[in-house]
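Colleague: Residue numbers (full-length UniProt numbering), protein chains in the order written: chain A, 1 to 423; chain B, 1 to 423. Think of the CB as a built atom: it goes at the ideal place given N, C-alpha and C, for glycine as much as any other residue. Bear in mind the structure is a predicted one, so any value in this text is a computation, not a measurement.
There are 2 protein chains.
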Amino acid sequence: MSASMKAETSETNAIAAMAREARRAARDLAQSPTSVRDKALWAASAALRERKDEILAANARDLETYSGTESFRDRLTLTEERIEAMARGLEDMADLPDPLGRVLAEWTRPNGLKIRRVATPVGVIGVIYESRPNVGADAAGLAIKSGNAIILRGGSESFYSAEAIHAAMVEGLRAAGLPEAAVQVAPSADRRHVADMMSAAGLIDLLIPRGGKSLVERVQNEARVPVLAHAEGLCHTYIHSGAESQMARKIVANAKMRRTGICGSTETLLIDAAIAPSLLPQIVEDLSALGCDFRADARAREIVPMLPAASEADFATEWLGAILSIAVVDGVDAALDHIAHYGSAHTESIVTADEAAAMRFMNGVDSAVVMWNASTQFCDGGEFGFGAEIGIATGRVHARGPVGLEQLMTYKYEVIGNGQVRS
Amino acid sequence: MSASMKAETSETNAIAAMAREARRAARDLAQSPTSVRDKALWAASAALRERKDEILAANARDLETYSGTESFRDRLTLTEERIEAMARGLEDMADLPDPLGRVLAEWTRPNGLKIRRVATPVGVIGVIYESRPNVGADAAGLAIKSGNAIILRGGSESFYSAEAIHAAMVEGLRAAGLPEAAVQVAPSADRRHVADMMSAAGLIDLLIPRGGKSLVERVQNEARVPVLAHAEGLCHTYIHSGAESQMARKIVANAKMRRTGICGSTETLLIDAAIAPSLLPQIVEDLSALGCDFRADARAREIVPMLPAASEADFATEWLGAILSIAVVDGVDAALDHIAHYGSAHTESIVTADEAAAMRFMNGVDSAVVMWNASTQFCDGGEFGFGAEIGIATGRVHARGPVGLEQLMTYKYEVIGNGQVRS
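Here is the structure:
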């Protein structure tokens, strides 16, 4: 038996059957012209608007039985504005350049063989997500644009919302003459579909978990298929001794407090001993005024004694809230050591006017994103110019950082000869 | 706890301890200049030559207790020539351009942020291999050149050979002032080291199994870390009705018979019904003369009745020997369908003088490598100009096709601002 056949799960669960349909659909999608995939996005966008009432009704049905936290309820709730945002998102994707078929490299061998590496879709993508129903539309749109088939499994609490959004996406596919199996949703709220997606080796090519820590960790630990995980962002802002004070204050306030709940928000401030006595009191004042609390090491507390003491564990904590860990360090290497020890390899930033120090930091940081004189909150597909994103990859293979269209691609080699044989 | 710390296995086995050392070494290696890594390769090459007698003695010790097949024994055996080939391989790697720090893309955002995507090492690579001791030197050389730390686990039957080669690699690292932990070997022939490598989540970033089908499948099924697998190559050569007969005969003979045991050898011939009556008898004669046997479908047997009949399973079999499956098809689409159904997405080739047919085939084949008028046996890192390879990736994410230096890289984003904050 061939590897591809062998690798497939022998199970015949609903997800496996859907994935086989998806494989066929992906083949059609990958070969469809740009204009056809874009037409599907425009038509799906129109369908979202037309089916607005239906989607809101489905969402109301989900909310009726929902009994969790208020913040989760907010994420689960759809409004006319949120549906309009989904619809506009699909139109924006239609306007992006086609990622398929892009020649990534080409060269000619001494024997005359022409070789080129060409971008192709990954194939069948699975997305397991929680609460926010818009993830379904965004992910399906990115998949259609990038020529991938997709299987969506939303949280059981958003089952009816996900179904209603799915109907609009299918209407878009149908209008463009593309196979409906290109976008599928798990057929029930049954939790076993998650397990079936995780074990769909050879059927699902890439699994993307979007949601809380426990979901992401479970998928990372249990999946038998490649995973593009969006795990924690324990981001650092490091103020070097050569930093311009006003810039440093502005960047730290934004990096920590613009939105505290996103993965690109700064959790730890590292500040050089040489500049801390003059600058740290100002930063503490700035952030206190914005409602921020602190956990500081002993050296920082020597400078600002009112700061609460940090424990070792605090420096390894992603607060996702208005708390800032603070450590005083001695120069770039000490900052790099701290980041290597406590960080999650997501996003780090140095503030300095010293180019040599900035270069040393940017080379030394081994994170998906490293910045110089900018707020860590810029780690975002939209801010990077990707147009749309499906998360921030925190692993080290296939893709790192914001996951947009390009990160949903793989490649193949095209080799053109004129009768060459290997000697 | 941060994601990186959380993701780590809490176990404290020998492999986990080695991987933590490897992580630190990888950090140094990634920041070392090209010249230092190249110096390590030159010194390791020299050490392989100087330690020749020692390596041969270690190999003799392995061979003494070996009791398997003759072909396996041949792969296990080292000779002066084979040691010289390893040494030259390392020198060739030193001559290749540095893959680190290459700018893969760069752009400027409307807000003035400069963003660039830069090639960085994956980090800590694990290689589990069987029999051929040269894999240890090749893989270690590629790792050093690409700034990755590596943990090698050879087969228990080649334990002493692997240790002797490892000593030469470490001598090279030492001569260049690089950390010895950049290249490590499992400390004993104990099979549990394989299990420990497979479960080293957060410690080993990428696992590469090199060896027989059962090894690769076991790693694919059981590993808790990303795997770059070299699975089967069920490659097809498709002779289109527009093929030039002499070219087709030459290519098929080479694609099947040059070396039958490599993954890029052709296992199935697809031939158009329009050209089969005139061409198939010649091809059968050509290949019979070279000692090839056949498994043919009913339509092929109508043309050459002496051909043995193929079963359904034969078309899904990677022969890795002098057997060719043959099917007569009706045009490009039928060939594409056959390949999609039975293939392993490794390498396929079309022979034709018809450019439109070639384009349709090249677009329609969803394999790592698709060729036009060339032998499938060209699927090889050396033939692609990669200088050295560690296998052919048959998965769909991170890398496809020959795995050379570039495929052992990931990337990070460098973002340069002048005080930007996110609004």
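Quick check: the Cα distance between residue 350 of chain B and residue 313 of chain B, rounded to an integer number of angstroms?
Modeller: Rounded to whole angstroms, residue 350 of chain B to residue 313 of chain B spans 23 Å at the Cα level.
Colleague: Just confirm the distance between the C-beta atoms of residue 127 of chain A and residue 149 of chain A, as a whole number of angstroms; I'd bet it's less than 8 Å.
Modeller: Going by Cβ atoms, the distance from residue 127 of chain A to residue 149 of chain A rounds to 11 Å, so no, they are not a contact pair.
Colleague: Let me know the secondary structure DSSP gives residue 424 of chain B once reduced to three states.
Modeller: Nothing can be reported for residue 424 of chain B: it is not among the residues displayed for chain B, which extend from 1 to 423.
Colleague: Just the C-alpha distance for residue 256 of chain A and residue 130 of chain A, rounded to the nearest angstrom, thanks.
Modeller: Going by the C-alpha atoms only, they are around 25 Å apart.
Colleague: Please list the partners that residue 256 of chain A has in chain B, where partner means a Cβ-to-Cβ separation under 8 Å.
Modeller: The contacting residues do not exist; residue 256 of chain A stays about 11 Å from chain B at best.
Colleague: Whole angstroms are fine: how far does the CA of residue 315 of chain B sit from the CA of residue 234 of chain B?
Modeller: When rounded, the distance between both Cα atoms is 9 Å.
Colleague: Taking the alpha-carbon positions, what's the residue 375 of chain A to residue 269 of chain A distance?
Modeller: Approximately 12 Å, taken between the alpha carbons.
Colleague: Determine the closest residue to residue 136 of chain A out of A/164, A/248, A/323, with distance taken between C-alpha atoms.
Modeller: Ranking A/164, A/248, A/323 by Cα distance to residue 136 of chain A puts A/164 first.
Colleague: Where do the N-terminal and C-terminal ends of the beta strand (DSSP E) with residue 390 of chain B fall, by residue?
Modeller: Premise fails: residue 390 of chain B is in no beta strand (DSSP E) and is neither H nor E.
Colleague: Return no unless some Cβ of chain A is closer than 8 Å to the Cβ of residue 115 of chain B.
Modeller: Closer than 8 Å to some Cβ of chain A, the Cβ of residue 115 of chain B qualifies, so yes.
Colleague: May I ask you to report which of helix, strand or coil DSSP gives residue 409 of chain A?
Modeller: If DSSP states are grouped into helix, strand and coil, residue 409 of chain A belongs with the strands.
Colleague: Compare the C-alpha of residue 106 of chain A against each of A/423, A/420, A/411, A/247 and name the closest.
Modeller: Looking at the Cα atoms, A/411 is the closest of the given residues.
Colleague: Using a Cβ-Cβ cut-off of less than 8 Å, give me the residues of the stretch 193-223 of chain A that come near chain B, in sequence order.
Modeller: The stretch 193-223 of chain A vs chain B, Cβ under 8 Å: 201, 205, 206, 217, 220, 221.
Colleague: For the stretch 378-390 of chain B, enumerate the residues whose C-beta is nearer than 9 Å to any C-beta of chain A, in chain order.
Modeller: Against chain A - using a Cβ distance shorter than 9 Å - the residues of the stretch 378-390 of chain B are 378, 379, 380, 383, 384, 385.
Colleague: With a threshold of 6 Å on Cβ separation, who are the neighbours of residue 51 of chain B within its own chain once the five nearest residues in sequence on each side are excluded?
Modeller: Taken in chain order, the residues that qualify are 168.
Colleague: Does the stretch 360-369 of chain B touch the stretch 61-68 of chain B, meaning 3 or more C-beta pairs lie closer than 8 Å?
Modeller: No, the stretch 61-68 of chain B does not touch the stretch 360-369 of chain B.
Colleague: Excluding five sequence neighbours on each side, which residues of the same chain lie with their C-beta closer than 8 Å to the C-beta of residue 308 of chain B?
Modeller: If we look at residue 308 of chain B and ignore the five residues flanking it on each side, its Cβ neighbours are 293, 294, 295, 296.
Colleague: Measuring only the C-alpha atoms, how far is residue 417 of chain A from residue 252 of chain B?
Modeller: In a straight line, the C-alpha of residue 417 of chain A is about 14 Å away from that of residue 252 of chain B.
Colleague: Near residue 310 of chain B, which residues of its chain fall below 6 Å by C-beta distance, leaving aside the five closest residues on each side in sequence?
Modeller: Hits under 6 Å: 295, 296, 297, 325.
Colleague: Please report how far the alpha carbon of residue 201 of chain A lies from the alpha carbon of residue 224 of chain A, in whole angstroms.
Modeller: Spanning the two alpha carbons is a distance of roughly 6 Å.
Colleague: Below 7 Å CB to CB, which residues in the same chain sit around residue 142 of chain B once its five sequence neighbours on both sides are set aside?
Modeller: 93, 388, 390, 405, 408, listed in sequence order.
Colleague: Beta carbons nearer than 9 Å to chain B: which residues of the stretch 389-403 of chain A have them?
Modeller: So the close ones are 394, 395, 396, 397, 398, 399, 400, 401, 402.
Colleague: Assess contact between the stretch 377-388 of chain B and the stretch 85-105 of chain B, defined as three or more Cβ pairs (one per stretch) separated by less than 8 Å. Is contact present?
Modeller: Counting Cβ pairs under 8 Å, three or more are found: they touch.
Colleague: Could you tell me the distance, in whole angstroms, from the CA atom of residue 339 of chain B to the CA atom of residue 366 of chain B?
Modeller: Looking at the two C-alpha atoms, the distance is approximately 9 Å.
Colleague: Give me the chain B residues within the contact set of residue 99 of chain A, using Cβ-Cβ distance strictly less than 7 Å, ordered along the chain.
Modeller: Simply none; closest approach about 13 Å.
Colleague: Whole angstroms is fine: what's the gap from residue 21 of chain B's alpha carbon to residue 172 of chain B's?
Modeller: Going by the C-alpha atoms only, they are around 18 Å apart.
Colleague: With a threshold of 6 Å on Cβ separation, who are the neighbours of residue 59 of chain A within its own chain once the five nearest residues in sequence on each side are excluded?
Modeller: Counting only Cβ-Cβ distances below 6 Å, and skipping sequence neighbours, we find 78, 161.
Colleague: Which bits of chain A does residue 373 of chain B rub up against, with CB to CB less than 8 Å?
Modeller: Result: 416, 417, 418, 419, 420.
Colleague: Can you give me the Cβ contacts of residue 190 of chain A inside the same chain, cut-off strictly under 7 Å, excluding the 5 residues immediately before and after it?
Modeller: So no residue of the chain qualifies.
Colleague: Which bits of chain A does residue 368 of chain B rub up against, with CB to CB less than 7 Å?
Modeller: Going along chain A in sequence order, the residues near residue 368 of chain B (Cβ under 7 Å) are 412, 413.
Colleague: Could you tell me whether the Cβ atoms of residue 274 of chain A and residue 300 of chain A are closer together than 8 Å?
Modeller: The answer is no: Cβ separation not under 8 Å.
Colleague: Of all Cβ atoms in chain B, is any one closer than 8 Å to the Cβ of residue 340 of chain A?
Modeller: Answer yes: the Cβ-Cβ gap between residue 340 of chain A and chain B drops below 8 Å somewhere.
Colleague: Do the CB positions of residue 203 of chain A and residue 226 of chain A come within less than 8 Å of each other?
Modeller: Going by C-beta atoms, residue 203 of chain A is not nearer than 8 Å to residue 226 of chain A.
Colleague: Measure the alpha-carbon distance for residue 114 of chain B versus residue 108 of chain B and round it to whole angstroms.
Modeller: Their Cα atoms are separated by approximately 4 Å.
Colleague: From what residue to what residue does the beta strand (DSSP E) around residue 191 of chain B run?
Modeller: Run containing residue 191 of chain B: none; DSSP gives neither H nor E here.
Colleague: Return the CA-CA distance between residue 215 of chain B and residue 45 of chain B, expressed in angstroms with no decimal places.
Modeller: Computed Cα separation, rounded: 29 Å.
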